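This report refers to the structure that appears directly beneath it.
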Amino acid sequence: MIFVEGVEFSIMKRTERKWMYDRLDGRNIKPEFLNGVTEFIEFCKEHQSCGDGDKIRCPCPLCDNRRFYDVETVRLHLYKKGFVRNYYEWVCQGESFGESVSRVQTNPYREMVIDALGNNQEHMLNEEVDVVEEEPNGEAKKLIDLLKAAEDPLYEGSNLSVLEMASRIASLKCEFNLQHRCVDGFASLMNDAIPNNNQMGRTFNSTKKVLHGLELSHERIHTCPKGCLLFWKVDAQLDKCRVCGSDRYRKTSRGKLVPAKVMIYFPITPRLQRLYATKNVSEDMTWHAKNPRVQNTFAHPSDSEAWKHLDATFPDFASEPRNVRLGLCTDGFAPHGKFGSQYSCWPVILTPYNLPPSMCMKKPFMFLSSLVPGPKNPKEHLDVYMQPLIEELKQLWEVGAMTYDISSKQNFNLRAAVLWTISDFPAYGMLSGWSTAGKKACPYCMDKSKAFWLENGGKVSWFDCHRQFLPQGHPFRKNKTAFCKNKVENGMGPHIMSGEELWQCVKDLPKATDGPEALKKLKSAKKGWFKQSILWELP
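For the sequence shown, my numbering begins at 67 and goes up steadily by one.
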């Protein structure tokens, strides 16, 4: 798993122009955007050969670089409408692909290597690679190989380094979801197109070898074919599931034993630490604490009641703005598409909300933490697959992880907390332990639901359940014709339960991870609460 694919390369290119899509502060244009537009105009003036005389291409969403206007008209368009989407590189105005905005002559890929491997190897950076007289250890060799790849040209006379080419290929594969075979063909074609004495690999595997030192770890954990348990920790040496007796391994046609089912776990701690090891991101991780808030507006998750409640309840956690607030989401998807084999797998994704609004919901900052295998919905067994993640989150909350912040040049103890979950209704039931099927499906009304069965359709209907939430005296409450016939709604909506009240409801319920007896109870449970969610183990 190459971290560079989704984060390092994209961040390095885009964050220096993030002002392009952060235009407004309420009703006013931000000073950073005004300065950035001036920088853009000056750039266009320096590249007049790409314009039409004194006119330049306008990159606003309406013109989309197809129309030429004078400088002030383009400036006005950008103030009013902003830039066209994802136009981080001004190629239509004469900027070559990959050209750095900075006027300082530095090697960004060398900087990326130093950032990624942290400050522990700084004593090596001024040494010549060729004068190492002893065989370097593992970490030192990673650094040496990556620095060499960042300095060596792809071929004699090339402006691209070996590391830059590998990073771009990996980034393109991730951004456009390219298959390995497609990347192999592209790499082979490029290899034939450039001079023979080049250092470019012909396959994606050879590209991954160049980036090997930047990758972050993952674990492959064997699971019961029926999802009863993980062959992990105390059960790591078992050959059969102690719950259902299913075999851990199956035989292939050649007689080789392979695991029947495997989940992949991606530890979240090193991924959060990598954010603070990246210069362009580490400063933004404290945006929520430094940016002035506007009263009675919701512009960022830090404006939410959940965020404020966590800060008030745990002031020691809130006192360190670099501590991370996370959102957790999961959903099933078919990797083979609608017309492929019927297979559904379930990713569990964590998102850090410390970042500014323009960054915190972007793809590079959505960290895949667990990949639950198919082919079917894990249902009540989802908690079994989430055990490694919950254990690591508990460790991050209770103990933390010593982390180097490159923006302040300091070490600090990084802690993290999950604020909320985001999911569709079926996944909500799997995560919460409340059944989202039948008359009691509403997690707010619960046992007081006014849903009813349709006489002819045989399905549950929630028609006219909403009037109870209207203010007293609302004309809809007295309406006997537009809703249920001859019915007047005088009741009030059910009481929304607090966290303490919900805990009283579930504290004695079985867990999916408790073993065979608990699992039997889950399967025979009636609608409503059917388990104690593993999320209750978190603060």
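Heads up, the beta-carbon is just placed ideally off N, CA and C, and yes, glycines get one too. Remember, predicted model here, so these are calculated numbers, not experimental data.
Proximity winner among the options, relative to residue i (alpha-carbon distances)
{"i": "His416", "options": "Glu458, Thr547 and Thr269", "result": "Per the sequence shown, residue 416 should be read as Leu rather than His. Leu416 has its Cα closest to that of Glu458, out of Glu458, Thr547 and Thr269."}
{"i": "Leu229", "options": "Val360, His143 and Leu280", "result": "Leu280"}
{"i": "Glu603", "options": "Met452, Lys593 and Met558", "result": "Met452"}
{"i": "Met329", "options": "Glu285, Asp130, Pro576 and Thr104", "result": "Glu285"}
{"i": "Asp305", "options": "Arg314, Lys299 and Leu220", "result": "Arg314"}
{"i": "Leu394", "options": "Arg359, Ile334, Leu277 and Val450", "result": "Ile334"}
{"i": "Ala259", "options": "Lys275, His246, Tyr221 and Cys310", "result": "Tyr221"}
{"i": "Leu434", "options": "Met425, Gly440 and Pro418", "result": "Pro418"}
{"i": "Phe332", "options": "Pro454, Gly565, Leu392 and Glu217", "result": "Pro454"}
{"i": "Arg89", "options": "Lys111, Asp118 and Cys126", "result": "Cys126"}
{"i": "Asp118", "options": "Pro261, Phe134, Cys571 and Val103", "result": "Phe134"}
{"i": "Val572", "options": "Trp500, Lys429 and Cys426", "result": "Trp500"}
{"i": "Arg351", "options": "Arg316, Arg132 and Arg391", "result": "As written in the sequence, residue 351 is Met, which differs from the Arg given in the question. Ranking the options by Cα distance to Met351, first place goes to Arg391."}
{"i": "Asn241", "options": "Lys460, Asn443, Lys429 and Tyr153", "result": "Correcting the residue identity first, residue 241 is Glu in this sequence and not Asn. Comparing Cα-Cα distances from Glu241 to each of Lys460, Asn443, Lys429 and Tyr153, the minimum goes to Lys429."}
Own chain partners of residue i with C-beta closer than 7 Å, once the 5 adjacent residues on each side are dropped
{"i": "Lys445", "result": "Met496"}
{"i": "Leu520", "result": "Ser527"}
{"i": "Lys365", "result": "Per the sequence presented here, residue 365 reads as Ala, with Lys not at that position. The residues are Pro423."}
Beta-carbon gap between residue i and residue j smaller than 8 Å
{"i": "Ala483", "j": "Phe383", "result": "yes"}
{"i": "Ala355", "j": "Tyr470", "result": "no"}
{"i": "Ser498", "j": "Ser599", "result": "yes"}
{"i": "Leu480", "j": "Arg388", "result": "yes"}
{"i": "Arg234", "j": "Ser254", "result": "no"}
{"i": "Val438", "j": "Leu295", "result": "no"}
{"i": "Ser473", "j": "Glu349", "result": "yes"}
{"i": "Val150", "j": "Ile122", "result": "no"}
{"i": "Phe99", "j": "Trp85", "result": "yes"}
{"i": "Lys505", "j": "Ser515", "result": "yes"}
{"i": "Ala372", "j": "Leu485", "result": "yes"}
{"i": "Leu575", "j": "Lys546", "result": "no"}
{"i": "Cys550", "j": "Asp530", "result": "yes"}
{"i": "Glu217", "j": "Ser227", "result": "yes"}
{"i": "Arg543", "j": "Asn556", "result": "yes"}
{"i": "Cys158", "j": "His143", "result": "no"}
{"i": "Leu421", "j": "Phe405", "result": "no"}
{"i": "Leu128", "j": "Val179", "result": "no"}
{"i": "Thr318", "j": "Val309", "result": "no"}
{"i": "Pro441", "j": "Gln476", "result": "no"}
{"i": "Asp513", "j": "Gly594", "result": "yes"}
{"i": "Leu337", "j": "Leu277", "result": "First, the amino acid is wrong: residue 337 is Arg here, not Leu. Result no, Cβ atoms of Arg337 and Leu277 do not sit closer than 8 Å."}
{"i": "Asn346", "j": "Glu82", "result": "yes"}
{"i": "Asp120", "j": "Asp136", "result": "yes"}
{"i": "Gly559", "j": "Gln534", "result": "yes"}
{"i": "Gly92", "j": "Val465", "result": "no"}
Cβ neighbours of residue i in the same chain (closer than 8 Å, five flanking residues each side left out)
{"i": "Glu161", "result": "Phe109, His113 and Glu155"}
{"i": "Ile95", "result": "Arg89 and Tyr145"}
{"i": "Ile562", "result": "Tyr510"}
{"i": "Ser272", "result": "Ala253"}
{"i": "Gly565", "result": "none"}
{"i": "Cys508", "result": "Ser515, Ala517, Trp528 and Cys531"}
{"i": "Pro605", "result": "Phe380, Trp463 and Ala483"}
{"i": "Asn522", "result": "none"}
Contacting residues, own chain, Cβ-Cβ under 6 Å from residue i (five flanking each side not counted)
{"i": "Phe491", "result": "Thr502"}
{"i": "Lys239", "result": "Val249"}
{"i": "Val487", "result": "Note that residue 487 corresponds to Thr in the displayed sequence, not to Val. Excluding sequence neighbours, Thr487 sits near Leu394 and Leu497."}
{"i": "Cys17", "result": "Absent from the structure is residue 17, since the part of the chain shown begins at 67 and ends at 605."}
{"i": "His246", "result": "Phe270"}
Proximity test, residue i beta-carbon vs the ligand PLP heavy atom, cut-off 7 Å
{"i": "Ile235", "result": "Judged by which ligands are present, the structure shown has none, so any question about the ligand PLP falls away."}
Query raised in the report: Between the segment 388-400 and the segment 412-432, do three or more beta carbon pairs fall short of 8 Å?
Result: Yes, the segment 388-400 is in contact with the segment 412-432.
Query raised in the report: Hey, which unbroken runs of the beta strand (DSSP E) at 3 residues or more fall wholly within the segment 335-411?
Result: 390-396
Query raised in the report: How about the segment 259-276 and the segment 290-298: do they share at least three Cβ pairs that are nearer than 8 Å?
Result: no
**Report entry** Residue ranges of each alpha helix (DSSP H) within the segment 496-566, 4 or longer
**Finding:** 541-544
Query raised in the report: Curious, which full-length alpha helix (DSSP H) runs of at least 4 residues does the segment 92-128 contain?
Result: 97-112
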